[in-house]
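Q: Take a look at the following structure, please.
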Amino acid sequence: MKQELKSTKFGKYGGQFVPEVLMPALEELTEQYEKYKDDPVFNEELNYYLRDFAGRPSPLYHAKRLSKEYGVKIYLKREDLVHGGAHKLNNTLGQALLTRYMGKKRIIAETGAGQHGTACAMAGAAFGIKTEVYMGAKDTVRQRMNVYRMELMGTRVIPVKSGSQTLKDAINEAMRDWVANVETTNYMIGSVVGPHPYPTMVRDFQSVIGKEVRTQMMEKEGRFPDSIVACTGGGSNAMGIFHPFVDDDLQLFAVEAGGGGLKTTDKEALHSATLCAGEEGVLHGARTKVLQNKYGQILESSSIAAGLDYAGVGPELAYLADIGRIKPCYSLDSEALEAFHDLCRLEGIIPALESSHAVAYVKKAAASGELGDVVVINISGRGDKDLETVLGMNK
Ligand SMILES: *Cc1c(COP(=O)(O)O)cnc(C)c1O
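The opening position of the sequence shown corresponds to residue 213 in this note's numbering, with each subsequent residue numbered one higher.
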């Protein structure tokens, strides 16, 4: 079932739907990634940074009190303890190191809420590579602290004033920059989305999560879990924990954001649940499932969790959903918020609102027995960044 790296596709999904001028850059990146992905020197250096800079391996924690409350044995994969407070650094360390091996002097990226941009800034500073991040002008105002965080680490944040002044305009500007400066510059994408090789490359860099879970589960339980549950925006924390288990006999649940509370199957109401309610289309260089209306126009997504607020999803997840290997599902804003409080109160762990969607699904599904006896939840990040949102919702 695992894809050959050489293939640009996952079934009918994936590919490289980009303007002709971008093709040489993608070809070079694909070639260089294939050259270094199994290189022992590259991997030794990457493992050094993952361990001594990022703090890996992240613990697998038996959440005893949450298990008792929900009625199923729960282990938490603690990506919230990774440097920067989320899984995103696993990927940016990989891509930044590749940038250096490729002999490029400059990193560019786009960021929405600022989480990927911050992870790029950390990796850029650690490797001493000039880093510039495109961000919608509106987002720079909404996410002032993340802009400041990036600037503290020496990254230049470039506000994008065109179009809707949000993520999709930032992506356009970053692509334009890459085409113009491909000799010196590498473009780092933050999830398993975009044209080939990004979905494969980002998945591979994030697979460190699932590889660790394999070892940790054998140490703690002497067997694999019955289910793995992960929240899904673009899908990088989900693919990272799923991929090493794709050929094993266990269930994989991809939990999307159902948004603001309409309990309905009407797809326009499932605000960010692309696997659940999306249809085939092309978004950001790849064929995948996309939230769109009947005219093919992209629907505005919305969720309390900024990291899940994306109208597309990684092409490999779309493929795995179609063949029935993963189970797409969703949690609503209100359910995620309740699970957020459960984890805070019962375990002393403040999860990201994104990760809270995964916890919420376990709460719903445990009673029906569909999860089996032992579940691993990927806690993709910590919730300190979300406290103002939660405070606002509780009023
Ligand atoms: C960015 C982010 C996500 C969503 O991105 P994926 O690519 O779907 O993993 C989830 N959780 C946290 C904490 C994030 O920062």
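We treat Cβ as the ideally placed atom computed from N, Cα and C, and that holds for glycine.
Is it right to say residue 381 is buried, meaning 16 or more other beta carbons lie within 10 angstroms of its own, or is it exposed?
A: So residue 381 counts as buried.
Q: Distance check for residue 398 and residue 364, CA to CA, integer angstroms please.
A: Distance between the alpha carbons of residue 364 and residue 398 is about 22 Å.
Q: With DSSP as the reference, label residue 362 as helix, strand or coil.
A: In this structure, residue 362 counts as helix in the three-state DSSP scheme.
Q: Using the three-state DSSP reduction, which class does residue 437 fall into: helix, strand or coil?
A: Coil, per DSSP.
Q: To the nearest angstrom, how far is it from the Cα of residue 475 to the Cα of residue 331?
A: Any reading at residue 475 must be qualified, since the residue scores a pLDDT of 45, below 50, and its modelled position is unreliable; the value itself is stated next. Between residue 475 and residue 331, the C-alpha separation is close to 35 Å.
Q: Can the beta-carbon of residue 341 be found closer than 8 Å to that of residue 311?
A: Their beta carbons are under 8 Å apart, which means residue 341 touches residue 311 by this criterion.
Q: In the DSSP assignment, find the unbroken alpha helix (DSSP H) run with residue 248 in it and report its ends.
A: Residue 248 -> alpha helix (DSSP H) spans 235-248.
Q: Contact defined as beta carbons within less than 8 Å: I believe residue 362 pairs with residue 329. What is the distance between those atoms, to the nearest angstrom?
A: At roughly 5 Å, the Cβ-Cβ gap stays under 8 Å, so residue 362 and residue 329 are in contact.
Q: Of all the beta strand (DSSP E) runs that stay within the bounds of the segment 276-334, which reach a length of 3 or more residues?
A: Here the runs fully enclosed are 285-290, 318-323.
Q: Distance check for residue 395 and residue 542, CA to CA, integer angstroms please.
A: Rounded to the nearest angstrom, the two C-alpha atoms are 42 Å apart.
Q: Look at the Cβ atom of residue 334, then the Cβ atom of residue 375, and state whether they are nearer than 8 Å.
A: No; because the gap between Cβ atoms is not below 8 Å, this pair is not in contact.
Q: Does the beta-carbon of residue 332, which I'm using as the reference point, lie nearer than 7 Å to any heavy atom of ligand 1?
A: Because no heavy atom of ligand 1 lies under 7 Å away, the Cβ of residue 332 does not count as near it: no.
Q: State the Cα-Cα distance for the pair residue 595 and residue 236, rounded to the nearest angstrom.
A: Whole-angstrom Cα-Cα distance: 40 Å.
Q: So, under 8 Å CB-CB, residue 452 and residue 274 are touching, yes? Tell me the CB distance rounded to an integer number of Å.
A: Going by Cβ atoms, the distance from residue 452 to residue 274 rounds to 21 Å, so no, they are not a contact pair.
Q: DSSP has residue 510 in a bridge; who is on the other side?
A: Looking at the DSSP assignment, residue 510 forms a beta bridge with 504.
Q: Just to confirm my understanding: we take residue 477, look at its own chain, exclude 5 residues before and 5 after, and list those with CB closer than 6 Å. What are they?
A: Bear in mind that the predicted position of residue 477 carries a pLDDT of just 48, short of 50, making it too unreliable to give a figure here.
Q: For residue 258, which residues in the same chain have their Cβ closer than 7 Å to its Cβ, ignoring the five residues on either side in sequence?
A: For residue 258, where only same-chain residues beyond five positions count, the Cβ hits under 7 Å are 305, 306, 309.
Q: By how many angstroms is the C-alpha of residue 513 removed from the C-alpha of residue 373?
A: Using only the alpha carbons, I get a separation of about 21 Å.
Q: When the distance is taken between beta carbons, is residue 441 closer than 8 Å to residue 574?
A: Yes, these two residues count as a Cβ contact at 8 Å.
Q: So, helix, strand or coil for residue 477, using DSSP?
A: Below a pLDDT of 50, predicted positions are generally treated as unreliable, and residue 477, at 48, falls in that range; no measurement from the model is reported.
Q: Cα separation between residue 223 and residue 239?
A: Straight-line Cα distance between these residues: approximately 20 Å.
Q: Go ahead and pull the three-state DSSP assignment for residue 344.
A: Strand, per DSSP.
Q: Tell me the DSSP secondary structure of residue 543 in three-state form.
A: Reduced to three states, the DSSP call for residue 543 is strand.
Q: Would you say the beta carbon of residue 321 comes nearer than 7 Å to a heavy atom of ligand 3?
A: By its list of ligands, the structure shown excludes ligand 3, since it contains just ligand 1.
Q: Relative to the alpha-carbon of residue 436, which residue among 251, 241, 588 has its alpha-carbon at the smallest distance?
A: Per the Cα distances, 588.
Q: How is residue 465 classed by DSSP in three states: helix, strand or coil?
A: If DSSP states are grouped into helix, strand and coil, residue 465 belongs with the strands.
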